[in-house]
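*Asks:*
Numbering (the numbering used here), first residue to last: -1 to 119.
(1) Could you please give the first and the last residue of the uninterrupted alpha helix (DSSP H) stretch that includes residue 53?
(2) Might you give, ordered along the chain, the residues of its own chain that have their beta carbon closer than 7 Å to the beta carbon of residue 42, omitting 5 neighbours on each side?
(3) Determine whether the beta carbon atoms of residue 68 and residue 61 lie at a separation below 7 Å.
(4) Could you compute how far the alpha carbon of residue 54 sits from the alpha carbon of residue 75?
(5) Taking C-beta to C-beta, are residue 172 and residue 73 nearer than 7 Å?
(6) For a test of the three-state rule: what should DSSP assign to residue 91, helix, strand or coil?
(7) Could you have a look at residue 77 and say whether DSSP puts it in helix, strand or coil?
(8) CA-CA distance, residue 2 and residue 9?
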């Protein structure tokens, strides 16, 4: 009777160990899959932002080279104010795209810098 209890206890322990091992392997595989998904998402987000940055840069070069195409008067105060706001909003988004946006934001241009702009071109 004691030997049967010991035998059953050993069988239960082996089964428990087997389940724990299977659980650990499943968790490790799941973590690996999640890490891969995270890296893929991070890469996609980075690529998407880089594409938007390039497009914005091309747009700004186009405006610099031909401001009259954007507006009839590159010196009009309302147009300049609207353009400043547009650039400020884009820069605000770019500032947040950093590994540490609080302590080390990607700050290229400040609102103070933009306030010196007197025309769109």
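Think of the CB as a built atom: it goes at the ideal place given N, C-alpha and C, for glycine as much as any other residue.
*Replies:* Short version:
(1) 0 to 63
(2) none
(3) yes
(4) 22 Å
(5) Outside the displayed range of the chain (-1 to 119) lies residue 172, so it cannot be described from this structure.
(6) helix
(7) helix
(8) 10 Å
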